[in-house]
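Input: a single structure, listed below in structure tokens.
Number of protein chains: 2
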Amino acid sequence: MTYCIGLRLDHGLVFMADTRTSAGVDNFATSKKMFSWHVPGDRMITIMTAGNLATTQSMISLLEERSKAVEERNPSILHETTMFQVARLVGATLKEVIGESADQGQNAKDQFSASVIIGGQIKGGKPTIFLVYPQGNFIEITDDTPFFQIGETKYGKPILVRAYDPKMSFEEALKLLLVSFDSTVKSNLSVGLPFDLQVYEADSFKQGISRRIEENDPIYQAISQGWGDALKNAFQLLPAYKL
Amino acid sequence: MTYCIGLRLDHGLVFMADTRTSAGVDNFATSKKMFSWHVPGDRMITIMTAGNLATTQSMISLLEERSKAVEERNPSILHETTMFQVARLVGATLKEVIGESADQGQNAKDQFSASVIIGGQIKGGKPTIFLVYPQGNFIEITDDTPFFQIGETKYGKPILVRAYDPKMSFEEALKLLLVSFDSTVKSNLSVGLPFDLQVYEADSFKQGISRRIEENDPIYQAISQGWGDALKNAFQLLPAYKL
Chain A
4 MTYCIGLRLD HGLVFMADTR TSAGVDNFAT SKKMFSWHVP GDRMITIMTA GNLATTQSMI
64 SLLEERSKAV EERNPSILHE TTMFQVARLV GATLKEVIGE SADQGQNAKD QFSASVIIGG
124 QIKGGKPTIF LVYPQGNFIE ITDDTPFFQI GETKYGKPIL VRAYDPKMSF EEALKLLLVS
184 FDSTVKSNLS VGLPFDLQVY EADSFKQGIS RRIEENDPIY QAISQGWGDA LKNAFQLLPA
244 YKL
Chain B
4 MTYCIGLRLD HGLVFMADTR TSAGVDNFAT SKKMFSWHVP GDRMITIMTA GNLATTQSMI
64 SLLEERSKAV EERNPSILHE TTMFQVARLV GATLKEVIGE SADQGQNAKD QFSASVIIGG
124 QIKGGKPTIF LVYPQGNFIE ITDDTPFFQI GETKYGKPIL VRAYDPKMSF EEALKLLLVS
184 FDSTVKSNLS VGLPFDLQVY EADSFKQGIS RRIEENDPIY QAISQGWGDA LKNAFQLLPA
244 YKL
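Chains A and B, in that order, are what the protein sequence lines are.
Per our numbering, the first sequence starts with residue 4, numbered consecutively.
Per our numbering, the second sequence starts with residue 4, numbered consecutively.
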């Protein structure tokens, strides 16, 4: 499995993805699941993928036009005029790839399935995030649903529900994401470090901060360890339930 | 779905189960999923069920011998000599019920599936907990795996992993369970209040504290609210990840 979050804040967007890919416990590896495109002054687009690795890699290759010679490549993702159009393109590409592998056309339940989070900003529009389904359709983030998760979403959801605030700084959001990822890693073997991070500042139209957070990262270690301790302290603050 | 936890402490056992049953969002109700038997001075046994309600209710009825006239009932669960034998009986009964409904014998993946947590103590043995699979086989709790969950297990697992300690008092364990259940309820519509609680003190061989915790319970409300606040405070204690 996989764990990816796309989060919208008042200041911009934050994306985080793990990098573990596995087909059974004796066949696992590290694989990038976050891909970004940017044209300074015009757009920044980030895609994160979950699901069948053959499907998602093929989709990314098609979006980057890797079927063409290097000098002929001109990815349409860099020419669509709105994020909505980008989401349509990604949805159509995803549906096409799944359909090619599946026996009887596209079938969301089959083993070739995948889902995608796509976010960013194109000049003239606002920063936004879409969740694209294997069927090729998609939903857009709203103020009521300010984040999307794909993959192993359940372990890390409670902390997002409790602590997310659109006014958060990027640093606070990153702390929140690390806690959510750390909770997932501690509970599920199919999600693993390192994590890929992408921060996009609203209306900057440039790539922003992009970083890989390794297992031995001292701040990640401190947050992981500190969160366990902080939880225990938090317990002490709760009222006792007399039996 | 459902959410149930069986937890072993040095002092004894704690069980908690939600009570929401649903077959789609427009068909939900409250249904008991925790059942206890006790013979003072001899044994205390608690069963919690998750999965198809027809299957689990039928299994409980068979265990209680409801197919017989009231005066002829003599549930074998009250006569097995060890908890291991009780787990075998429950596993065999569960497998039998699933097999009756399924087209081609028992199939864990079909819609008649269910799983069961069974715990307690019988004179001569130690307090223990088993997790029974739809196939009728089962695993026993160990020091390395000090709790079992069934149903919607993922949302509430991270806090159990972090904060469980076998030396906890029953009050602390109850606080931990309420936080784990509250995290699940906040993230998943198929788990709902009220919660059923059963506490068993090791070597007491009596029923112990049994209680239903309603949504408007002031301590539950305080823990639910307090946990959100405590989490936010805990965030402040974590080191910042400088970008």
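All C-beta atoms, glycine included, are put in the ideal place defined by N, C-alpha and C.
The model shown is predicted, which means the values in this text are computed figures rather than measured ones.
Leaving out the 5 sequence neighbours to the left and right, which residues in its chain are closer than 6 Å to B/Val-17 when beta-carbon positions are compared? Leu-10, Ala-176, Val-202
Pick from A/Ser-193, A/Trp-230, A/Ile-101: whose alpha carbon is nearest that of A/Ala-117? Considering only alpha carbons, the answer is A/Ile-101.
For B/Phe-184 and B/Ser-61, what's the separation of their Cα atoms in angstroms? 26 Å
Rounding to the nearest angstrom, what Cα-Cα distance links A/Ala-243 and A/Tyr-167 in this structure? 27 Å
Would you mind giving the Cβ-Cβ distance between A/Ala-3 and B/Leu-240, rounded to the nearest angstrom? I have them listed as a contact below 8 Å. Only positions 4 to 246 of chain A appear in this structure, which leaves residue 3 of chain A out of reach.
For B/Ser-172, which option in A/Lys-170, A/Phe-238, A/Asp-199 has the closest C-alpha, if you only look at C-alpha atoms? A/Phe-238
Which residues bound the alpha helix (DSSP H) around A/Leu-65? A/Leu-65 -> alpha helix (DSSP H) spans 56-66.
What are the residues that DSSP puts in a beta bridge with A/Glu-204? The partner list for A/Glu-204 (beta bridge, DSSP) reads A/Gly-15.
Ignore the nearest five residues each way along the sequence and tell me which others in B/Thr-49's own chain have a CB closer than 6 Å to its CB. Phe-18, Ser-39, Gly-122, Gly-123, Gln-201
Within chain A, the residues that B/Ile-8 reaches when beta carbons sit closer than 9 Å: What B/Ile-8 touches in chain A: nothing, since even the nearest Cβ is about 14 Å away.
According to the neighbour-count rule (16 or more other Cβ atoms, all chains shown, within 10 Å of its Cβ), is A/Arg-215 buried or exposed? exposed
Cα-Cα, which of A/Gly-211, A/Leu-179, A/Pro-197, A/Lys-189 is closest to A/Ala-32? Measuring from the Cα of A/Ala-32, the nearest candidate turns out to be A/Pro-197.
Shorter than 7 Å from the beta carbon of A/Ser-25 to some beta carbon of chain B? Answer no: the Cβ-Cβ gap between A/Ser-25 and chain B never drops below 7 Å.
With the cut-off set at 7 Å, would you say A/Met-86 and A/Ile-120 are in Cβ contact? For A/Met-86 and A/Ile-120, no; Cβs fall outside 7 Å.
Going by the beta-carbon positions, is the gap between A/Trp-230 and A/Val-182 smaller than 7 Å? yes
Between A/Asp-199 and A/Thr-22, how many whole angstroms is the CB-CB distance? I'm expecting something under 8 Å. 6 Å
For B/Gly-128, which residues of its own chain have a beta-carbon under 7 Å away from its beta-carbon, when the five flanking residues on both sides are left out? Thr-85, Met-86
How about A/Lys-98: is its C-beta nearer than 7 Å to some C-beta of chain B? no
Cross-strand partners of A/Ile-142 (DSSP beta bridge): A/Leu-134.
Please report the straight-line C-alpha distance between B/Gly-54 and B/Glu-155, rounded to a whole angstrom. Computed Cα separation, rounded: 10 Å.
Look at A/Ala-20 and A/Met-51 and say whether their C-beta atoms are less than 7 Å apart. yes
Which value, in whole angstroms, describes the spacing of the CA atoms of B/Leu-81 and B/Leu-134? 19 Å
Pairwise C-alpha distance: A/Lys-170 and A/Gln-88: When rounded, the distance between both Cα atoms is 28 Å.
Roughly how many whole angstroms lie between the Cα atoms of A/Gln-192 and B/Asp-45? A quick correction: the sequence has Leu, not Gln, at residue 192 of chain A. Going from the Cα of A/Leu-192 to the Cα of B/Asp-45 covers about 41 Å.
What in chain B is Cβ-close to A/Ile-153, meaning under 7 Å? Listed along chain B, no residue sits closer than 7 Å to A/Ile-153 by beta-carbon distance, the nearest being about 15 Å off.
How would you label A/Thr-148, buried or exposed, when you count the other beta carbons within 10 angstroms and need 16 or more for buried? exposed
The alpha helix (DSSP H) enclosing B/Val-188, as first and last residue numbers: 173-190
If you run the structure through DSSP and keep just helix, strand and coil, what is B/Asp-1? Outside the displayed range of chain B (4 to 246) lies residue 1 of chain B, so it cannot be described from this structure.
From which residue to which residue does the alpha helix (DSSP H) around A/Gly-94 run? 86-104
Shorter than 7 Å from the beta carbon of B/Glu-217 to some beta carbon of chain A? no
Do the CB positions of A/Lys-151 and A/Ala-90 come within less than 7 Å of each other? Here residue 151 of chain A is Phe; the residue named in the question, Lys, does not match the sequence. No, the Cβ-Cβ distance between A/Phe-151 and A/Ala-90 is not below 7 Å.
Among B/Gln-114, B/Leu-92, B/Tyr-158, which has the Cα closest to the Cα of B/Glu-83? Of the candidates B/Gln-114, B/Leu-92, B/Tyr-158, the residue whose Cα lies closest to the Cα of B/Glu-83 is B/Leu-92.
Go ahead and label A/Pro-43 buried or exposed: buried means 16 or more other beta carbons lie within 10 angstroms of its beta carbon, across all protein chains shown. Result: exposed.
According to DSSP, residues forming a beta bridge with B/Met-37: B/Met-51
Are any of the Cβ atoms in chain B nearer than 7 Å to that of A/Ser-190? At least one C-beta of chain B is nearer than 7 Å to the C-beta of A/Ser-190.
Quick check on the burial criterion: 16 or more other C-beta atoms within 10 angstroms. Buried or exposed for A/Ser-186? The residue is buried, with at least 16 neighbouring Cβ atoms inside 10 Å.
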